[in-house]
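Comments concern the structure below.
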Amino acid sequence: MSKATLERGLNALREEIDAPVAAFFSSCVNCGLCAEACLFYTETGDPRYTPINKLEPLRRIWEQEFTLWGRVKKALGLAQPVTDELLQEWEPLVYDACSLCGRCSMVCPVGNDIAYMIRKEREGFVASGNAPEGMKGASTRAIKIGSPMGVKFPAVQAQVRHIEADTGLKIPVDVEGADYLALLSSMEIMNFPEYIEALARIFKQAGVSWTLCSEAFEATNAGIQIGSSDIAAELVERVVKGAEKLKVKYVISPECGHAYTAIRWEGPNLIGRRYPFKVVHILELLDELRAAGKLKTKGMEEARLTFHDPCQIVRKGGVLEPPRNLLNQVAANFVEMSDHREMNWCCGGGGGVSANERADELRLKVFARKKSQLDELNVDKLVTACANCRLMLEDGLEEYRVELPVVGLTEMLAEHLVEDNE
Amino acid sequence: MSSPIDFLLWVKGPAFDIALAVFVIGVVVRLLEIVLLGRKQDLAEPKGGEFGPGLRTVMTRTLPETGSFKRSPFTVIGGYIWHIGFLICLLFFVPHIELLHSVLGIKWPGLSNHIVDAVAVVTMVTLVAMLIDRITHSVKRFLSGPEDYLVWLAAFLPIVTGYLAYHRVLAPYPLVLGIHILSIEFLMVLFPFTKLMHTFTFPLARWYNGAMAGRRGVQS
């Protein structure tokens, strides 16, 4: 990254302004309804956390440079400039108090997609050097080491060996011509290797031809979280190169929300070209296998359980039905939260908040929203499909002293799998 | 302008022409400023369409999302009442219809004066209540700047002055009517320079929102 300066930040903000942004800012009437959709406001009552307020720096650039009247006001010295001080003041609002969950974008009466604009605004914050240290560190590690948590391929190999020894299954690595390339998130490699085992077992049963890639195993993308398209593009390019080298037909996005956004939706735009392969989320693939009768399970979970919709997979990703279809195959007592599917509430740790230690206290405070959703249901188990959500849910539940097991959906399905020898 | 009649003639003549020109040219420029920015082609393979989901969002956002309605019912209900009330007074008061007929050449049935009168009162009371809410509600007070209060005034004045003109209070009548028309001109002139523009840009904003979500297979 070249040296961050205010000028670079302002240029980055200018580059982000497009017709939707202009339409959104032109339409806002400061009604304040977006605040009611944001857990950072509802759980703190702090009006600074009103979603549209987090966009003040970007709004000023739009008004002063992209409207005729704004330019006149600026020329007359009637405009408040975007300064380093303003960006410093806004940085915690933009990074600590926004998980890019996009819930505000669902309720705005004039239709403003606020999360779309926050993602864009972060480009200006990074370019001007105003980003949290925790996220800068994660981005640097992702570029230099290959993973935001500093995980290198030998760590994956170690997990693979463990799983192979435990299960007797072969986990394919660097197999050219496989149909599917499975990506992983660092959190799965380090905290939830059960996911890799689940994949191996399910794919064996379903006869899926798949592989891991030693040069492209990391699906997470610190670049899209911090808001640096340069970093994000480099990380996407690694995956694309790996997939092209192995000539796979599909790339599987793992149980990680923002990884899906990165590789599925932002990726082609970041690298400026379409992929020669398709991207599927693991839940989409599992649901396809289920529909084709290739995902055979036995027994039903009797525990009363609910599903936490990861924002990036569901609301921002359009994977709405697969988790429900899959859950209904193995759970007898699946209940929905009061707000679910595209209206679900975030775990509080998305959009890079979990990588930003400075935000920990606030994140745990606003977890009260998820806790009250869970309190209404009185469930025995919480299922989700994002390693980051899972870690945040576990952390939040511990903070609020709630004993509730949190499991990944893929792993839960694998537990019910009918093995070949049965 | 020596007399109220002269004032009325000026307001109905040159002043109206100026206001109309500022309004029309200003609004067109503002809309062009938006759409000409364009947006980058999205290279990600779509899961759903853009056009249809966009149009749906244009319609569906007219109704509030249940959760935010429960948390902020006054904002939603107050918003409905005054917007609808304002439009009824503007479009269904018989003298307004006659004026619009003379300009546009089309006409439609009006409502009885008593109904419009009652609607005007309800609209004024709601607008005052919404102003109080804006000043007292922590989020709205925090977000609001001079422009928010200015556009409130610009929306309020036509109703109040129209009400006074209709009831022939604060005579002489030509003066009150002139002030009423002037208040409309004030509203028209402010339009392109303020958030009053949302009147024209909200369908665009809703469409972009719905289209971008629709591409990802979500109805926003």
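Quick mapping for you: the protein sequence lines, in order, are chains E and Z.
Quick note, in this note's numbering, the first sequence goes up one by one and the last residue is 422.
Quick note, in this note's numbering, the second sequence goes up one by one and the last residue is 642.
All C-beta atoms, glycine included, are put in the ideal place defined by N, C-alpha and C.
Per DSSP, cross-strand counterpart(s) of alanine 427 (chain E): In this structure chain E extends from 1 to 422, so residue 427 (chain E) is not present and cannot be described.
Rounded straight-line distance, which links the Cα of leucine 286 (chain E) to that of lysine 54 (chain E): Spanning the two alpha carbons is a distance of roughly 38 Å.
Does lysine 529 (chain Z) come within less than 8 Å of chain E when only Cβ atoms are used? Not one chain E Cβ lies under 8 Å of lysine 529 (chain Z).
For threonine 497 (chain Z), three-class secondary structure by DSSP: Here threonine 497 (chain Z) sits in helix by DSSP.
Cutting at 7 Å between CB atoms, please list the residues of its own chain near threonine 297 (chain E), excluding the five before and the five after it. Here the set comprises Gln329, Val330, Leu413, His416, Leu417, Val418.
Short CB-CB distance (under 8 Å) between threonine 623 (chain Z) and chain E: The beta-carbon of threonine 623 (chain Z) is placed less than 8 Å from the nearest beta-carbon of chain E.
Could you run through the segment 104 to 131 of chain E and flag, in chain order, every residue whose CB is less than 7 Å away from some CB of chain Z? Taking 7 Å as the Cβ-Cβ cut-off, the segment 104 to 131 of chain E approaches chain Z at Ser105, Met106, Val107, Pro109, Val110, Gly111, Asn112, Asp113, Tyr116, given in chain order.
Along chain E, which residues have their Cβ under 7 Å away from the Cβ of phenylalanine 608 (chain Z)? Those do not exist, as phenylalanine 608 (chain Z) stays about 16 Å from chain E at its closest Cβ, beyond 7 Å.
Host alpha helix (DSSP H) of asparagine 535 (chain Z) (start-end): In the DSSP assignment, asparagine 535 (chain Z) falls within the alpha helix (DSSP H) that extends over 535 to 558.
Helix or strand or just coil, what does DSSP make of alanine 35 (chain E)? Secondary structure of alanine 35 (chain E) (DSSP, three-state): helix.
Taking a cut of 9 Å between CB atoms, which residues from the segment 495 to 510 of chain Z lie near chain E? Closer than 9 Å at the C-beta level to chain E, one finds these residues of the segment 495 to 510 of chain Z: Thr497, Val498, Gly501.
List, in order along the chain, the chain E residues whose C-beta lies closer than 8 Å to that of histidine 620 (chain Z)? For the C-beta of histidine 620 (chain Z), the chain E residues within less than 8 Å are, from N- to C-terminus, Ser26, Ser27, Cys28, Val29, Val110.
Quick check: the Cα distance between leucine 509 (chain Z) and histidine 620 (chain Z), rounded to an integer number of angstroms? Their backbone Cα atoms lie some 15 Å apart in a straight line.
Could you tell me whether the Cβ of tyrosine 630 (chain Z) comes closer than 8 Å to any Cβ of chain E? Closer than 8 Å to some Cβ of chain E, the Cβ of tyrosine 630 (chain Z) qualifies, so yes.
Hey, could you find the ends of the alpha helix (DSSP H) glutamate 197 (chain E) is sitting in? Residue range 194 to 206 is occupied by the alpha helix (DSSP H) that includes glutamate 197 (chain E).
When burial is assigned at 16 or more other CB atoms within 10 Å of the CB, is leucine 327 (chain E) buried or exposed? Within a 10 Å sphere around the beta-carbon of leucine 327 (chain E) sit 16 or more other beta-carbons, which makes this residue buried.
Counting along the chain, where does the alpha helix (DSSP H) carrying leucine 454 (chain Z) start and finish? 438 to 457 is the extent of the alpha helix (DSSP H) around leucine 454 (chain Z).
Assuming cysteine 38 (chain E) and proline 51 (chain E) make a contact with CB atoms under 8 Å, what is their CB distance in whole Å? Contact annotation, cysteine 38 (chain E) with proline 51 (chain E): C-beta distance approximately 5 Å; criterion of less than 8 Å satisfied.
Proximal residues of chain Z, C-beta to C-beta of aspartate 18 (chain E) below 8 Å: Residues of chain Z whose Cβ lies closer than 8 Å to the Cβ of aspartate 18 (chain E) are, in chain order, Leu459, Gly460, Arg461, Lys462.
Limits of the beta strand (DSSP E) - the one that phenylalanine 307 (chain E) falls within: From DSSP, the beta strand (DSSP E) with phenylalanine 307 (chain E) extends over 301 to 308.
Should glutamate 336 (chain E) be labelled buried (16 or more other beta-carbon atoms within 10 Å of its own) or exposed? The residue is exposed, with fewer than 16 neighbouring Cβ atoms inside 10 Å.
Closest to leucine 68 (chain E) by C-alpha separation, out of Z:Gln641, Z:Pro625, Z:Thr616, would be which residue? Taking only the C-alpha atoms, the option nearest leucine 68 (chain E) is Z:Thr616.
Measuring only the C-alpha atoms, how far is arginine 452 (chain Z) from glutamine 80 (chain E)? One Cα belongs to arginine 452 (chain Z), the other to glutamine 80 (chain E), and the distance between them is close to 21 Å.
Same chain only: Cβ atoms within 7 Å of valine 498 (chain Z), ignoring 5 sequence neighbours per side: For valine 498 (chain Z), where only same-chain residues beyond five positions count, the Cβ hits under 7 Å are Pro486, Phe491.
Give me the chain Z residues within the contact set of arginine 59 (chain E), using Cβ-Cβ distance strictly less than 7 Å, ordered along the chain. Neighbours of arginine 59 (chain E) on chain Z: none; closest Cβ ~11 Å, over 7 Å.
Assigned secondary structure, glycine 352 (chain E) (DSSP; H/G/I helix, E/B strand, else coil): Three-state DSSP puts glycine 352 (chain E) in coil, outside helix and strand.
Separation of valine 541 (chain Z) from phenylalanine 514 (chain Z), as counted between CA atoms: Spanning the two alpha carbons is a distance of roughly 11 Å.
So which residues of chain E does serine 560 (chain Z) contact, with C-beta pairs closer than 8 Å? Correct list: Gly45, Pro47.
For phenylalanine 515 (chain Z), write down the residues that DSSP places opposite it in a beta bridge. Looking at the DSSP assignment, phenylalanine 515 (chain Z) forms a beta bridge with Z:Leu533.
Does glycine 408 (chain E) pass the burial test, meaning 16 or more other C-beta atoms within 10 Å, or should it be called exposed? It is buried - the Cβ of glycine 408 (chain E) has at least 16 other Cβ atoms within 10 Å.
Alpha carbon to alpha carbon, how far is tyrosine 366 (chain E) from valine 239 (chain E)? Checking the sequence shown, residue 366 (chain E) turns out to be valine, not tyrosine. Take the alpha-carbon of valine 366 (chain E) and the one of valine 239 (chain E): they are about 34 Å apart.
At the 8 Å Cβ level, is leucine 181 (chain E) part of the contact set with chain Z, yes or no? So, not an interface residue.
Roughly how many angstroms separate the alpha carbons of glycine 318 (chain E) and lysine 469 (chain Z), rounded to a whole number? Distance from the CA of glycine 318 (chain E) to the CA of lysine 469 (chain Z), rounded to the nearest whole angstrom, comes to 8 Å.
8 Å Cβ cutoff, valine 640 (chain Z) in contact with chain E: So yes, valine 640 (chain Z) belongs to the interface.
Chain E contact for glycine 474 (chain Z) (CB, 8 Å cutoff): Among the residues facing chain E, glycine 474 (chain Z) is not included, as its CB has no counterpart in that chain under 8 Å away.
Closer than 8 Å, CB to CB, is phenylalanine 277 (chain E) near chain Z or not? The Cβ of phenylalanine 277 (chain E) sits no closer than 8 Å to any Cβ of chain Z.
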